[in-house]
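Single-structure report; data block below.
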């Protein structure tokens, strides 16, 4: 699969210049003057598991193989030890087929989803909590200095967000290092692409930190826990249920991470307070990301 | 159904103080000091159409009847002229049952959705475009002075966003007046609640402007068009497909509306340039909303 090595330290970094991810669209500005702005693409990708059509996702279209793998994994349709025979992407018909050694049939699960999930509506709690029973997230330590380093590093990384806005970002990190930075129009797609990459690379989860630009909702918290990542960080806010679930499964959630500030509402025991917040420089305006809503 | 008259001019305005919408959650701040912050609630609401369970949505929980009506309407499961016999909300079991005079059965449509929609993943184009064939949105005029007035008015309206953040807002407006301001953890829920209110009140759509804090994606554009509202405005950005669809259906889309600035990428012919942007005061920081991602 495609890999970018352009940004120092990253295994995968955003490639805002990559053709097909954005489009120049012309219109009028507030003065009625013609203006051309860069706008992110949004296209359907239909994911098959062997013979079965599973879902059509709206995506910017990069890393379709990782998106397919990660989506199926996060839906519990691929087992942790699943033997993947092939992942075939057909750009023309915008489909990805994930082929497994094992015969798969999720007709029943999909039937169930009809009753619990609608278009762009969250899934029901019981369904989402699938596979979280008996989950035991590792007690890895998180230095607060890492949080500031990650935030500042990620904000300065060239991205589609900085280029065109209106996009979500999710970054897989280890200690103070961002490793894989995925973006997508769908917040969950960005996370699923990370999950797909981890699966393809057999990357361990216990030493990782997941950074997201989006809100810490129940779905985001559950996804992170299902991926086995013990720490979830966001510049954005929380929902009460997201915090509750994080506490239930022993996940560390840190939100509202901007400049010197952050709030930790669950899993504080993992934090090691080695940084002096007052020594942290405020975010430069041009790198200041808005919080998602 | 509950109605708030507290904020001048609004038919419905946010009620941040309403019990059950937010919860005080305690944690630690960046200095390791105990902090208590206000966090929005997120709870499941299961929607039934007559005898059939349709979906479970994650919502803050206000206006469940409007959410149910609007969701079913925007899914094409209620006809424009549908005779609603009753809308029964049961708080204890968190369900809403919408009862129609007509016998309904959407088993097949729901089957279809399984193949095209997954949890928190967008629906497929063909499915979304349902009911947009032959749509003819009215050629109503929009004064640019209205856009500035609405933006400033909405930003200053007390809201859950200003209180707790991490929430989407959608506002139904007429000319320079915000009428109905709905918020929800799910961006589409806020829009659906507006649609439900319009249906319950038999409110005409042709003279309305829909303001959203979220991005102008294909789904948002399609929803607005399906509701028959000719103008969609956002402080946030665009996706290329959202713009394309807006141009196809003749919808006016205005994005990046902040302070003096905005961009119009479709339906410019509705705009009347009656305002001098340079005379518009910049947004006050404390009222400055972040753009959604």
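Protein chains in written order, with the working numbering: chain C, 130 to 422; chain W, 130 to 422.
For every residue, glycine included, the Cβ atom is placed at its ideal position computed from N, Cα and C.
Query: For residue 133(C), collect the residues of the same chain with a Cβ closer than 7 Å to its Cβ; drop the 5 residues on either side in sequence, then sort them by chain order.; Result: Confidence at residue 133(C) is low in this model, with a pLDDT of 45, below 50, so its placement is unreliable and the value that follows should be read with caution. 141, 142 and 144.
Query: What do you reckon, are the CB atoms on residue 169(W) and residue 151(W) nearer than 8 Å?; Result: yes
Query: Among 388(W), 357(W), 358(W) and 353(W), whose alpha-carbon lies nearest the alpha-carbon of residue 371(W)?; Result: 353(W)
Query: Determine the direct distance from the alpha carbon of residue 212(W) to that of residue 232(W), and round the result to whole angstroms.; Result: 11 Å
Query: Taking only beta-carbon atoms, is residue 264(C) less than 8 Å away from chain W?; Result: no
Query: Distance cutoff 8 Å, beta carbons only. Does residue 281(C) sit that close to anything in chain W?; Result: no
Query: Mind checking if residue 191(C) is an interface residue toward chain W, Cβ cutoff 8 Å exclusive?; Result: no
Query: At a Cβ cut of 8 Å, what residues of the region 161–176 of chain W count as close to chain C, listed as they run along the chain?; Result: 161, 164, 166, 168, 169, 170, 171, 172, 173 and 175
Query: For residue 371(W), return the contacting residues in chain C, with the cut-off set at a CB-CB distance below 8 Å.; Result: 171
Query: Just to confirm the assignment, what range does the alpha helix (DSSP H) spanning residue 290(C) have?; Result: 289–293
Query: Quickly, what does DSSP pair residue 367(C) with across the bridge? List them, please.; Result: 345(C)
Query: Can you confirm whether the region 188–195 of chain W touches the region 322–334 of chain W when touching is taken to mean that 3 or more C-beta pairs between the two stretches lie within less than 8 Å?; Result: yes
Query: Run through the region 178–215 of chain W for me and flag every whole alpha helix (DSSP H) of 4 or more residues, listed as ranges in chain order.; Result: 193–203
Query: Relative to the alpha-carbon of residue 410(W), which residue among 223(W), 274(W) and 205(W) has its alpha-carbon at the smallest distance?; Result: 274(W)
Query: So what does residue 361(W) bridge to, in DSSP terms?; Result: 339(W) and 382(W)
Query: Along chain C, in chain order, which residues have C-beta atoms closer than 8 Å to that of residue 368(W)?; Result: 168, 169, 170, 171, 295 and 314
Query: Quick one: which chain W residues come within Cβ less than 7 Å of residue 346(C)?; Result: 171 and 314
Query: Under 8 Å between C-beta atoms, does residue 158(W) make it to chain A?; Result: Among the protein chains of the structure shown, namely C and W, there is no chain A.
Query: Going by the CB atoms, is the gap between residue 350(W) and residue 394(W) shorter than 8 Å?; Result: no
Query: Look up residue 80(C) in the DSSP assignment and say whether it is helix, strand or coil.; Result: Not covered by the structure: residue 80(C). The range shown for chain C is 130 to 422.
Query: Once you ignore the five residues that flank residue 299(W) on each side, which residues in its own chain have a CB closer than 6 Å to its CB?; Result: 311, 319, 320, 323 and 341
Query: Classify residue 149(W) as helix, strand or coil using the three-state DSSP reduction.; Result: coil
Query: To which residues of the same chain is residue 271(C) closer than 6 Å at the C-beta, ignoring the five residues directly before and after it?; Result: 360, 399 and 400
Query: Give the range of the alpha helix (DSSP H) segment to which residue 321(C) is assigned.; Result: 316–329
Query: Return the residue from the list 146(W), 171(W) and 405(W) that minimises the CA-CA distance to residue 348(C).; Result: 171(W)
Query: Chain W partners of residue 152(C), CB-CB under 8 Å?; Result: 369
Query: Flag residue 390(C) as yes if its beta-carbon sits less than 8 Å from any beta-carbon of chain W, otherwise no.; Result: yes
Query: Is residue 413(C) close to chain W? Criterion is C-beta to C-beta, closer than 8 Å.; Result: no
Query: Counting only beta-carbon atoms, is residue 140(W) nearer than 8 Å to chain C?; Result: no
Query: Quick one: what does DSSP say residue 375(C) is sitting in, helix, strand or coil?; Result: helix
Query: Quick one: which residues of the region 386–410 of chain W get their C-beta closer than 7 Å to a C-beta of chain C? List them in chain order.; Result: 389, 390, 391, 392, 393, 394, 397, 402 and 406
Query: Inspect the beta-carbon positions of residue 203(W) and residue 355(W) and report whether they are closer than 8 Å.; Result: yes
Query: Could you tell me whether any Cβ in chain W is nearer than 8 Å to the Cβ of residue 274(C)?; Result: no
Query: Report the partner residues of residue 172(W) according to the DSSP bridge assignment.; Result: 188(W)
Query: Taking DSSP as the reference, what is the three-state secondary structure of residue 333(W)?; Result: coil
Query: Alpha carbon to alpha carbon, how far is residue 289(C) from residue 136(C)?; Result: 14 Å
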